[in-house]
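**Student:** Sending over a structure as C-alpha cells; questions will come in a sec.
2 protein chains.
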Amino acid sequence: MRARRPTIVDVAREAGVSVATVSRLINGDEKVNADYTKRIRAAIDLLGYQPDERARQLRRGRTQTLGATVRSIAEPHPVLRAVDGEARALGLSMIVMSTGDDPEREREAVMAMCRRRVDGILIEPVAESLAYLQPEIDLGLVVVAFDRPAGDVALDTVLSDNRGGIRQAFDHLTALGHRRIAYIGDDERIYTGHERAEAVRGHLRDLGESVDGMVHAGPVHTETVAAALDVLHRLPVPPTALITGNAATTLEAVRCLGTAFGSTTLVGFDDFALVDLLPAAFTVIAQDEARISETILELFRDRLARPTAPVRTVVVPTALIVRGRQEALT
Amino acid sequence: MRARRPTIVDVAREAGVSVATVSRLINGDEKVNADYTKRIRAAIDLLGYQPDERARQLRRGRTQTLGATVRSIAEPHPVLRAVDGEARALGLSMIVMSTGDDPEREREAVMAMCRRRVDGILIEPVAESLAYLQPEIDLGLVVVAFDRPAGDVALDTVLSDNRGGIRQAFDHLTALGHRRIAYIGDDERIYTGHERAEAVRGHLRDLGESVDGMVHAGPVHTETVAAALDVLHRLPVPPTALITGNAATTLEAVRCLGTAFGSTTLVGFDDFALVDLLPAAFTVIAQDEARISETILELFRDRLARPTAPVRTVVVPTALIVRGRQEALT
DNA sequence: ATGAAAGCGCTAACAG
DNA sequence: CTGTTAGCGCTTTCAT
Numbered sequence: 001m002r003a004r005r006p007t008i009v010d011v012a013r014e015a016g017v018s019v020a021t022v023s024r025l026i027n028g029d030e031k032v033n034a035d036y037t038k039r040i041r042a043a044i045d046l047l048g049y050q051p052d053e054r055a056r057q058l059r060r061g062r063t064q065t066l067g068a069t070v071r072s073i074a075e076p077h078p079v080l081r082a083v084d085g086e087a088r089a090l091g092l093s094m095i096v097m098s099t100g101d102d103p104e105r106e107r108e109a110v111m112a113m114c115r116r117r118v119d120g121i122l123i124e125p126v127a128e129s130l131a132y133l134q135p136e137i138d139l140g141l142v143v144v145a146f147d148r149p150a151g152d153v154a155l156d157t158v159l160s161d162n163r164g165g166i167r168q169a170f171d172h173l174t175a176l177g178h179r180r181i182a183y184i185g186d187d188e189r190i191y192t193g194h195e196r197a198e199a200v201r202g203h204l205r206d207l208g209e210s211v212d213g214m215v216h217a218g219p220v221h222t223e224t225v226a227a228a229l230d231v232l233h234r235l236p237v238p239p240t241a242l243i244t245g246n247a248a249t250t251l252e253a254v255r256c257l258g259t260a261f262g263s264t265t266l267v268g269f270d271d272f273a274l275v276d277l278l279p280a281a282f283t284v285i286a287q288d289e290a291r292i293s294e295t296i297l298e299l300f301r302d303r304l305a306r307p308t309a310p311v312r313t314v315v316v317p318t319a320l321i322v323r324g325r326q327e328a329l330t
Numbered sequence: 001m002r003a004r005r006p007t008i009v010d011v012a013r014e015a016g017v018s019v020a021t022v023s024r025l026i027n028g029d030e031k032v033n034a035d036y037t038k039r040i041r042a043a044i045d046l047l048g049y050q051p052d053e054r055a056r057q058l059r060r061g062r063t064q065t066l067g068a069t070v071r072s073i074a075e076p077h078p079v080l081r082a083v084d085g086e087a088r089a090l091g092l093s094m095i096v097m098s099t100g101d102d103p104e105r106e107r108e109a110v111m112a113m114c115r116r117r118v119d120g121i122l123i124e125p126v127a128e129s130l131a132y133l134q135p136e137i138d139l140g141l142v143v144v145a146f147d148r149p150a151g152d153v154a155l156d157t158v159l160s161d162n163r164g165g166i167r168q169a170f171d172h173l174t175a176l177g178h179r180r181i182a183y184i185g186d187d188e189r190i191y192t193g194h195e196r197a198e199a200v201r202g203h204l205r206d207l208g209e210s211v212d213g214m215v216h217a218g219p220v221h222t223e224t225v226a227a228a229l230d231v232l233h234r235l236p237v238p239p240t241a242l243i244t245g246n247a248a249t250t251l252e253a254v255r256c257l258g259t260a261f262g263s264t265t266l267v268g269f270d271d272f273a274l275v276d277l278l279p280a281a282f283t284v285i286a287q288d289e290a291r292i293s294e295t296i297l298e299l300f301r302d303r304l305a306r307p308t309a310p311v312r313t314v315v316v317p318t319a320l321i322v323r324g325r326q327e328a329l330t
C-alpha cells in the first residue's frame, strides 16, 4: 500500500494552520508569523510535500513556461542553449519538442504546447502554413519565429542575414581573384536554402558570370552533393571556388572531395565545432547565435508587454570567419 | 479587449449539450449520439476550443508525461532521440531538461519535473547522491537511470559495458602485437571515467606491463590532453597504442597529435558522426544506443506495471568498429 | 496577519 | 446514452 501524495491540506493540518497560510508561505509572502513559518516548514519537510504545479498553474492562469520547437532534439542547437539559460533567468521553465522537419509533427507539438497553456512558443517554422496558430495568438499566445519566417501569419521573427552572408563570401572570394564561384546547398523550398541560392545567382550575374550549372540546391545527401560536384567538375569553365549552403552540405562536400579537398577554395555557411579538425581549414559564414537568442527573448518580452504592437522582423548579421591559407587566384 | 479562452462549458452551451457529453467525445468515448457528435465538433471548431491539459491532468492524476534530464540540450543525444520516438508511440509526452553536468541544476530539474507530476523520469545521474528522490519514488514516481548508476538509491539502471568495451580494445590491439597501451580519459569521479580507466589498468597488469604514467584520467581540455600526451611521449618505454576514454578526449587527442595523428594507433571510446572526416580513420568502441534506449523504456514500462518488483541493472554490450589500416606492430 | 470559501477547467461517478 | 455534480490541489478575494 503506497502512501498518498501529501497536499497542501495535509501540510496545513500537520502545522495546525489554514491552507491559505501555507499557500502564502510557499509563495514567498513576507507577512507570515515566524512561529507559523517554522511549523509549516517542519510539516513540509516531514511530509515531503511538493506543490502540484498543475494545480497552481490552473488556478493562476499563467504557466510561466516557454515552449520551443526545433528540428531535432538530438542535434546541437546553440540558439536553444542560450535561450534556455536566459529563460531560466527570467523565471521561465522551458519545454522543448522536436519536429523532425515534419510539418505534421510540428503542428502536433505546437498544439500540445497550447493545450498545456504555455505562455509563449519559439518556433523554427517547418510548415508552409502556420495559420492554425492565429486563433491561439488572438487568445494571447506569444509566438516568436526564428531562422525561417512564418509565411502566412504575422509573427515577430528573428532571421540571419542570409543574403548578407553570401555577399560577405563573395566579397572575400572576389578579393582573392575568384569569379567562377559555385554553390551547393539545401532545397530551395526551405527558406534559408532559397535565400542563399538566390543570393549566389544575383552575385554571379553582377559579376557577369554565367549561372548555368553553378548553383545546386536540393536535398542534401552524399549522392546529391557528389552529383553536384561532378557537374561542376565537368563544366566548360569549372568554378575556382565553392560555397556550401549549410553545415550538412559542407560536411558532405568535404567527404566527397576527399584528398582533393585541401586544394579547393571553400567557404561554408555555418560554423561548427570540429571544423578545425578537418584535414584543411576553411573560411565560414557564421551565424551570430548569441545575438539571435537574445533577440528572440527580447521580442518575446516586448510582445508580452505590448500585445498589440506591430510585429517586427529582426535580421541579425552574419560574420565571415577567415581560416586556412588565403592564396590569391593566379 | 481580448476574447476569453473558451472552456468546455462554452462548448457545451454552444452545442446545447452537457459538459459531460463534450468530455466524453473529447476522450474518444464511442457511445456519443451522432447528432450530438456533429454539433459538438462544430462548436469546438467555431470556438477554437483546445482542452486545458493542466485541468485534465489535475483531474486524472496521471500526466502521461515522461521527464528526462541530460547533460546538455545543445549537444547530440542519440539515446534521447530514440527514447523520444518510442515514448510518443506509447502515448507519452516528453519533457527534457538539461543539467549542464551540475548536480544543483540536476536536482532543480528533477524536482521541477516532480512538481509537474511527470509519471516517470529518465536520468543520466550527475550528483553523487540521488537520495532526495527516494520520497518521490515511494510515492510512485518511476525513475530509470542510464549511463551512470545512481549510487545511493535503488534504481532500475541501463549501463554500457564499459569494462567490456576496454577489453575489446585490448583484444584488438594485442592481436596486432601491442602491449604498451596507454589511456587518456575522463575524470575518475565520473563513473564511466573510473570504469574505463580501471579496466585499462587491469589489462596492463594482466599483460605484465607497467601502469606507471600510462593511464591519464582527469578533466578533458585541450591542455590536459596535451599534457598527458607529452607525458606518454617522454616515457622510458613509450606506448605503441592509445585508447581515448570518450569522444571529447578523442577529439582533443586528434587535435593535439596533428599531423603525427596518422601514424598513431588509436582506439576511441564512443563512435560519432564525422569520424570518417578526420584526417585518418581509426577504430572505436561504440555504445549500442538503440538497444540502450529500448532497454530504458522497457525498464520504465515494467516498473510502471510492477512497482514493487526488485530493481534491475541491465548492462548493454559495446561493439568494436574496426576502421583504418590494421598494421601489426613490428 | 490569518482563515473560510469560491472557483480555475476538467473527468468520473452516479442517476436517470 | 446523457446530465448533474463532486471534487483534483491550489490561489485569492473577502472577512475578521
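Protein chains in written order, with the UniProt record's numbering: chain A, 1 to 330; chain B, 1 to 330.
Here a beta-carbon is modelled for each residue, glycine too, at the ideal position from N, C-alpha and C.
Bear in mind the structure is a predicted one, so any value in this text is a computation, not a measurement.
Can you pull the chain A residues whose beta carbon is under 8 Å from the beta carbon of residue 129 of chain B, in chain order?
**Tutor:** Neighbours of residue 129 of chain B on chain A: none; closest Cβ ~16 Å, over 8 Å.
**Student:** Since residue 93 of chain B meets chain A, which of its residues come closer than 7 Å, beta carbon to beta carbon?
**Tutor:** Those are 112, listed as they occur along chain A.
**Student:** Taking residue 23 of chain A as part of the alpha helix (DSSP H), name the residues at either end of that continuous run.
**Tutor:** Residues 19 to 26.
**Student:** For residue 326 of chain A, which of helix, strand or coil comes out of DSSP?
**Tutor:** Residue state, collapsed to three classes: coil.
**Student:** By Cβ distance, which residues of its chain are closer than 7 Å to residue 62 of chain B, with the 5 residues on each side in sequence left out?
**Tutor:** Cβ within range, chain order: 119.
**Student:** Going by other Cβ atoms of all chains shown within 10 Å of its Cβ, with 16 needed for buried, is residue 317 of chain B buried or exposed?
**Tutor:** Answer is exposed; the Cβ neighbour count stays below 16.
**Student:** Determine whether the Cβ of residue 3 of chain B lies closer than 8 Å to any Cβ atom of chain A.
**Tutor:** Yes, contact with chain A.
**Student:** According to DSSP, simplified to helix, strand and coil, what is residue 272 of chain B?
**Tutor:** Residue state, collapsed to three classes: coil.
**Student:** If you measure from the beta carbon of residue 58 of chain A to each beta carbon in chain B, is any gap under 8 Å?
**Tutor:** Output row for residue 58 of chain A: interface = yes.
**Student:** If you scan the stretch 246 to 311 of chain B from start to end, which runs of the beta strand (DSSP E) of 3 or more residues do you find wholly inside it?
**Tutor:** Runs of the beta strand (DSSP E) inside the stretch 246 to 311 of chain B: 265 to 269, 283 to 287.
**Student:** So is residue 48 of chain B in contact with chain A if we call contact Cβ pairs under 8 Å?
**Tutor:** Closer than 8 Å to some Cβ of chain A, the Cβ of residue 48 of chain B qualifies, so yes.
**Student:** Closest to residue 163 of chain A by C-alpha separation, out of A:193, A:22, A:31, A:325, would be which residue?
**Tutor:** Residue 163 of chain A has its Cα closest to that of A:193, out of A:193, A:22, A:31, A:325.
**Student:** Quick check: what's the CA-CA separation for residue 10 of chain B versus residue 69 of chain A?
**Tutor:** Each residue's alpha carbon lies about 30 Å from the other.
**Student:** How big is the Cα-Cα spacing for residue 161 of chain A and residue 124 of chain A?
**Tutor:** Cα to Cα, residue 161 of chain A sits roughly 16 Å from residue 124 of chain A.
**Student:** Would you say residue 138 of chain B and residue 42 of chain A are within 8 Å of each other, going by their C-beta atoms?
**Tutor:** No, the pair does not count as a contact, with Cβ atoms beyond the cut-off.
**Student:** Who does residue 123 of chain B pair with in a DSSP beta bridge?
**Tutor:** According to DSSP, which records beta bridges pairwise, residue 123 of chain B is partnered with B:69, B:145.
**Student:** Just the chain A side, please: which residues come within less than 9 Å of residue 278 of chain B by C-beta, in chain order?
**Tutor:** Within 9 Å Cβ-Cβ: 274, 277, 278, 279.
**Student:** Counting only the same chain and skipping the five closest in sequence on each side, list residues whose C-beta sits under 8 Å from that of residue 47 of chain B.
**Tutor:** Taken in chain order, the residues that qualify are 6, 10, 11, 14.
**Student:** What number of angstroms, rounded off, separates the C-alpha of residue 266 of chain B from the C-alpha of residue 106 of chain A?
**Tutor:** Going from the Cα of residue 266 of chain B to the Cα of residue 106 of chain A covers about 42 Å.
**Student:** If you check the beta carbons only, do residue 59 of chain A and residue 116 of chain B fall under 8 Å apart?
**Tutor:** The answer is no: Cβ separation not under 8 Å.
**Student:** With distances taken between CB atoms, is the gap from residue 166 of chain B to residue 199 of chain B smaller than 8 Å?
**Tutor:** Yes, Cβ-Cβ distance for residue 166 of chain B and residue 199 of chain B is below 8 Å.
**Student:** If you follow the beta strand (DSSP E) that residue 185 of chain B is part of, which residue opens it and which one closes it?
**Tutor:** From DSSP, the beta strand (DSSP E) with residue 185 of chain B extends over 181 to 185.
**Student:** Excluding five sequence neighbours on each side, which residues of the same chain lie with their C-beta closer than 7 Å to the C-beta of residue 239 of chain B?
**Tutor:** Hits under 7 Å: 180, 181, 182, 214, 232.
**Student:** For the candidate residues B:102, B:83, B:101, whose alpha-carbon lies nearest to that of residue 93 of chain B?
**Tutor:** Out of B:102, B:83, B:101, B:83 has the C-alpha closest to the C-alpha of residue 93 of chain B.
**Student:** Show which residues of chain A have a CB atom less than 8 Å away from the CB atom of residue 117 of chain B.
**Tutor:** Residues of chain A passing the Cβ test: 52, 53, 54.
**Student:** Helix, strand or coil: how does DSSP classify residue 109 of chain B here?
**Tutor:** Of the three classes helix, strand and coil, the one that applies to residue 109 of chain B here is helix, per DSSP.
**Student:** For residue 241 of chain A and residue 258 of chain A, what's the separation of their Cα atoms in angstroms?
**Tutor:** Taking the straight line from one Cα to the other gives about 16 Å.
**Student:** Anyone know if the C-beta pair for residue 40 of chain B and residue 65 of chain B falls short of 8 Å?
**Tutor:** No, the pair does not count as a contact, with Cβ atoms beyond the cut-off.
**Student:** Taking 8 Å as the CB-CB cut-off, is residue 255 of chain A touching chain B?
**Tutor:** Yes, contact with chain B.
**Student:** Any beta carbon of chain A sitting closer than 8 Å to that of residue 225 of chain B?
**Tutor:** Closer than 8 Å: no.
**Student:** Cα-Cα, which of A:212, A:253, A:142 is closest to residue 186 of chain A?
**Tutor:** Nearest C-alpha to residue 186 of chain A: A:253.
**Student:** Just the C-alpha distance for residue 249 of chain B and residue 159 of chain B, rounded to the nearest angstrom, thanks.
**Tutor:** The alpha-carbon atoms of residue 249 of chain B and residue 159 of chain B are separated by roughly 20 Å.
**Student:** How big is the Cα-Cα spacing for residue 216 of chain A and residue 286 of chain A?
**Tutor:** Their backbone Cα atoms lie some 21 Å apart in a straight line.
**Student:** Counting only beta-carbon separations shorter than 8 Å, does residue 288 of chain B have a partner in chain A?
**Tutor:** By this cut-off, residue 288 of chain B is not an interface position.
**Student:** Bridge partners for residue 242 of chain A per DSSP, in chain order?
**Tutor:** According to DSSP, which records beta bridges pairwise, residue 242 of chain A is partnered with A:182, A:266.
**Student:** Mind checking residue 145 of chain B: buried by the 16 CB within 10 Å criterion, or exposed?
**Tutor:** By the 10 Å Cβ count, residue 145 of chain B comes out buried.
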